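Structure first, then comments.
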Amino acid sequence: MASRYHEVYEGWKRDPVGFWAEAAKAIDWYSPAESVFDPTAGVYGHWFTGATCNTCFNAIDRHVAGGRADQLALIHDSAITGTVRKFTYAELKREVVALASVLRHRGIGKGDRVIIYMPMVAEAAIAMLACSRIGAVHSVVFGGFASHELATRIDDAKPKLIVTASCGLEPGRVVAYKPLLDKAIEMSRHKPDACLILQREQLRCEMRDNYDFDYADAVARERAAGANVDCVPVLATDPLYIIYTSGTTGQPKGIVRDNGGHMVALKWTMDNEFGVKPGEVFWAASDVGWVVGHSYIVYGPLLHGCTSVLFEGKPIGTPDAGTYWRVISEHGVVALFTAPTAFRAIKGQDPRGEFVPKYDLSKFRTLFLAGERADPETIKWAEQKLNRPVIDHWWQTETGSPMTINPAGLGLLPVKYGSPGVPMPGYDIRILDDAGHEVARGTLGNVVVKLPLPAGCLPTLWNADARFRQAYLEEFPGFYKTADAGMIDEDGYLYVMARTDDIINVAGHRLSTGAMEEVLAAHPDVAECAVIGIADAMKGQVPLGFVVLNAGVSRDTGAIESEVVGLVRERIGPVAAFKTVVTIKRLPKTRSGKILRGTMQKIADKEEWTMPATIDDPAILDEIAAALENRGIGL
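Numbering of the sequence shown is given in the numbering used here, commencing with residue 12 and proceeding in unit increments.
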């Protein structure tokens, strides 16, 4: 079908307020907005001022009342334990109401904060919804985060209560959460009143008297007592949650998400951007600790009346590179949203895609990739093996939903490899030079968004308006700074080449490490890669490449490395000064799959560095250091 994108986007541009007023009709409100957008409120304006609503009501209650009571709402699929739990909308409501009653009896009310420090279990989503039911503000901290990181979040959010589990499960290991939590509370200046603990059979924990309470017991008591907790009306502008993202100063930034604009934006994206209908099964293979988990495991699918999959496992190793296809087949998934890293891992283990035909993917329509740059080779591999559209898109924790995408629901546009699509309604994206002047089409610069930000974006940082202005709005007045570098082509497609700190300066030439990574990834033996800029006395900086080879490759690594260097010279040119590639067993990544390029660069440059709090496996950095030392780099 012909895409309606251009007419919809132009319609938003002509009447932004009217656009969001129309989108808001898909949400149930207790009272309507006095003003759809108030430019005088908050830092840059507020959406749906004066309106009252409740996010849990829109995600659950209205579906139970409206004919979806017996439809599946949530499927918890744990590839690690080999178990599947399913909840209809009516069953999910029962669980959420029981937990909301527990929270209320512990003195939690409207505006109070609750930290949720949980693995990928259904109770994590239930806790988020229970908080939103009573107007409490949740802050999900990625399960297994180090004590120091958890402590900084406790001190910033000042929660009355922490909901946690005894352990998290990783392939081949059990992560004990309780010691990490106890140490964090010991380190923090703010002390929560109590902890609610879900005991998992894989590793139970000791409970402190009159401070730690058993989740299952407490919820079972409320359920048996027939607890009933109505949804508490909150203002559309009241916070639904705080999600922390790492800050440049080391102090994490508490991204605030409001209730009203968040619901309106997410509901609109499910249909128009992801092309998913109510009643269909949607799977975001992320973690509830990240923004993707908030938006597209919990809130987006449930607001839209979909069935959402919450998956505990990895793309490979639980048990093999066919896990994703098993989940899609077993649960009838129509759309999968995951990180390119996951597909690079699958491609590395199963380069010929031999697992794909073993499963029934007949209901599966679309693959969506986001979280970091999706290199064209990974997209082409997925297209070829799955024979489905593969849609790259781009957004941030701060925005809560895509800024650019190829919108499946509005009708797909031509795919351009290397581009995460076109701007969505709400986003007037510009490319500026460092002085703040707009640059010509096709020119690399700073990616910014013209203010005001649309419904669903962060209105500010938690208790830190001044820091919000300084971090995002001051450098380019009138614009929101994404801190990404990129360009827009003649057809309006955005190309996000790198974080602005990933642009390297080689003898005065500004070059994108992302463009070089695309070339490395094009080599048939390369599964994953990264390019960083390292210090050079002559040129200021020069690029250094790292490659991880596909499973089963037995060729001489020296030969592969010289072929890769030749490819970069051929496709980018001698200007890149690309001469060195190091073959390694694996890349250091965060638990959400982002490659830790900054830390690799510090190791290579012999700079001081600290262990990133979000790292998946610290031992990899020792492997990187040893590989560099073998090559005489960083000595």
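Quick reminder that beta carbons are idealized off the backbone N, C-alpha and C, glycines included. In this text the structure is predicted, and so the values were computed from the model without any measurement.
Worksheet item: Which two residues bound the contiguous beta strand (DSSP E) that contains V559?
Response: Taking the sequence shown and counting its residues from 1, one reaches residue 559 at position 548. Under the DSSP assignment, V559 falls in the beta strand (DSSP E) whose first and last residues are 551-560.
Fill in: P50 versus A136: straight-line alpha-carbon distance, rounded
The count along the sequence shown starts at 1 and reaches residue 50 at position 39. The count along the sequence shown starts at 1 and reaches residue 136 at position 125. Taking the straight line joining both Cα atoms gives about 33 Å.
Worksheet item: Whose CA, out of V108, I196, P244, lies closest to the CA of Y222?
Response: The residue labelled residue 222 in the question sits at position 211 within the sequence shown. It is I196 whose Cα lies nearest to the Cα of Y222.
Worksheet item: By Cβ distance, which residues of its chain are closer than 7 Å to V320, with the 5 residues on each side in sequence left out?
Response: The residue you call residue 320 lines up with position 309 of the sequence shown. Excluding positions up to five away in sequence, the list reads I86, D88, V292, W294, V338, H342, V344.
Item to complete: Compare the Cα-Cα distances from V358 to each of F375, E388, F379, E383 and report the closest residue.
Response: As a working note, residue 358 is residue 347 in the sequence shown. In the sequence on display, residue 358 carries Lys and not Val. Of F375, E388, F379, E383, the smallest CA-CA separation from K358 is found for E388.
Discussion item. With three or more beta-carbon pairs closer than 8 Å as the criterion, would you say the stretch 441-449 touches the stretch 378-387?
Written reply: no
Worksheet entry | When M131, V132, V113 are compared against V125, the one with the closest alpha-carbon | Taking the sequence shown and counting its residues from 1, the one referred to as residue 125 is at position 114. Here the closest residue by C-alpha is V113.
Worksheet item: Going by other Cβ atoms of all chains shown within 10 Å of its Cβ, with 16 needed for buried, is M622 buried or exposed?
Response: Start at 1 with the first residue of the sequence shown, and residue 622 comes out as number 611. M622 comes out exposed.
Worksheet item: Looking at the structure shown, is D167 part of a helix, part of a strand, or coil, going by DSSP?
Response: In the sequence shown, residue 167 corresponds to position 156, counting from 1. The answer is helix: DSSP assigns D167 an H, G or I state.
Practice prompt. Take the Cβ of P629 as the centre, count every other Cβ of all protein chains shown within 10 Å, and call the residue buried at 16 or more, exposed below.
Written response: On the sequence shown, position 618 is the one that residue 629 refers to. Classification of P629: exposed, given that the 10 Å Cβ count is below 16.
Worksheet entry | Spatial distance of I545 from Q552 (CA atoms) | Looking up residue 545 in the sequence shown gives position 534. Looking up residue 552 in the sequence shown gives position 541. Cα to Cα, the separation comes out at about 5 Å.
Practice prompt. Name the one or two DSSP bridge partners that V186 has.
Written response: Here residue 186 is taken as the residue at index 175 of the sequence shown, counted from 1. Bridge partners of V186: G179.
Worksheet entry | Endpoints, alpha helix (DSSP H) assigned at A638 | Looking up residue 638 in the sequence shown gives position 627. First-last of the alpha helix (DSSP H) with A638: 630-641.
Worksheet item: Would the beta-carbon of V367 fall within 8 Å of that of W392?
Response: As a working note, residue 367 is residue 356 in the sequence shown. As a working note, residue 392 is residue 381 in the sequence shown. Cβ atoms of V367 and W392: not closer than 8 Å.
Discussion item. I need the boundaries of the alpha helix (DSSP H) containing W31, first residue and last residue.
Written reply: The sequence position of residue 31 within the sequence shown is 20, counting from 1. Its alpha helix (DSSP H) spans residues 27-34.
Practice prompt. Using DSSP bridges, identify the partner residues of M498.
Written response: Here residue 498 corresponds to residue number 487 of the sequence shown, with the count starting at 1. Partner(s): Y506.
Worksheet entry | the stretch 185-201 in contact with the stretch 159-171 per 3-pair CB rule at 8 Å | yes
Fill in: V576 versus E529, R184, R602, residue with shortest Cα-Cα distance
Locating residue 576 in the sequence shown gives position 565, where the first residue counts as 1. Closest by alpha carbon: E529.
Worksheet entry | Top-ranked residue by Cα proximity to L313, from F68, R376, E449 | In the sequence shown, counting from the first residue as 1, residue 313 sits at position 302. Of F68, R376, E449, the residue nearest in Cα terms is F68.
Practice prompt. May I have a chain-ordered list of the alpha helix (DSSP H) segments no shorter than 4 residues that lie completely inside the stretch 217-248?
Written response: Counting only runs of 4 or more, we get 226-235.
Worksheet item: For T594, which residues from the same chain have a beta carbon less than 6 Å from its beta carbon, with the 5 sequence-adjacent residues on both sides left out?
Response: By 1-based counting over the sequence shown, the position of residue 594 is 583. Cβ contact annotation for T594 (same chain, cutoff 6 Å, sequence separation greater than five): V558, T568, in chain order.
Practice prompt. Pull up the DSSP beta-bridge partners for L140, would you.
Written response: Here residue 140 refers to the residue found at position 129 of the sequence shown. Per DSSP, none; premise fails for L140.
Worksheet entry | Touch test, the stretch 264-276 against the stretch 462-472, Cβ-Cβ under 8 Å, three pairs minimum | Touching, yes, given that three or more Cβ pairs across the two stretches are closer than 8 Å.
Discussion item. Does any residue of chain C have a CB that is nearer than 8 Å to the CB of D223?
Written reply: The structure shown contains no chain C; it holds only a single protein chain.
Worksheet item: Just the Cα atoms here: how many angstroms apart are A236 and P425?
Response: Within the sequence shown, the letter at position 225 stands for residue 236. Within the sequence shown, the letter at position 414 stands for residue 425. About 57 Å.
Item to complete: Buried or exposed for H305, please, with buried defined as at least 16 other CB atoms from any protein chain shown within 10 angstroms of its CB.
Response: Taking the sequence shown and counting its residues from 1, the one referred to as residue 305 is at position 294. Counting Cβ neighbours within 10 Å, H305 comes out buried, since at least 16 surround it.
Fill in: Alpha-carbon to alpha-carbon, R105 and Q82
The residue you call residue 82 lines up with position 71 of the sequence shown. The residue you call residue 105 lines up with position 94 of the sequence shown. A straight-line Cα-Cα distance of about 14 Å links Q82 and R105.
Item to complete: Look at W31 and V275 and say whether their C-beta atoms are less than 8 Å apart.
Response: For this step, residue 31 is matched to residue 20 along the sequence shown. For this step, residue 275 is matched to residue 264 along the sequence shown. Yes, the Cβ-Cβ distance between W31 and V275 is below 8 Å.
Worksheet item: Pick from A157, V460, G154, A548: whose alpha carbon is nearest that of Y483?
Response: Looking up residue 483 in the sequence shown gives position 472. Closest by alpha carbon: V460.
Worksheet item: What residue from T256, N641, A205 has the CA that sits closest to S150's CA?
Response: Position 139 of the sequence shown, counting from 1, holds the residue named residue 150. Taking only the C-alpha atoms, the option nearest S150 is T256.
Discussion item. Rounded to whole angstroms, what is the Cα-Cα separation between G584 and T591?
Written reply: As a first step, residue 584 is located in the sequence shown; it is residue number 573 there, counting from the start. As a first step, residue 591 is located in the sequence shown; it is residue number 580 there, counting from the start. Taking the straight line from one Cα to the other gives about 15 Å.
Discussion item. Tell me which residue opens and which closes the alpha helix (DSSP H) that D361 is part of.
Written reply: Counting from 1 along the sequence shown, the entry for residue 361 is found at position 350. Segment: none, D361 is in no alpha helix (DSSP H) and carries neither H nor E.
Worksheet item: Can you name the residues that DSSP bridges to A205?
Response: Locating residue 205 in the sequence shown gives position 194, where the first residue counts as 1. L172.
Discussion item. I want to know whether the stretch 599-606 touches the stretch 295-302 - three or more CB-CB distances under 8 Å.
Written reply: Two segments are said to touch when three or more pairs of C-beta atoms, one from each, lie closer than 8 Å; by this definition the stretch 599-606 touches the stretch 295-302.
Worksheet item: If we count the other Cβ atoms within 10 Å of its Cβ and call it buried at 16 or more, is E539 buried or exposed?
Response: Position 528 of the sequence shown holds residue 539. Buried, because 16 or more other Cβ atoms sit within 10 Å of the Cβ of E539.
Item to complete: Could you tell me which residues DSSP pairs with S319 in its beta bridges?
Response: By 1-based counting over the sequence shown, the position of residue 319 is 308. Looking at the DSSP output, S319 bridges to L85, F293.
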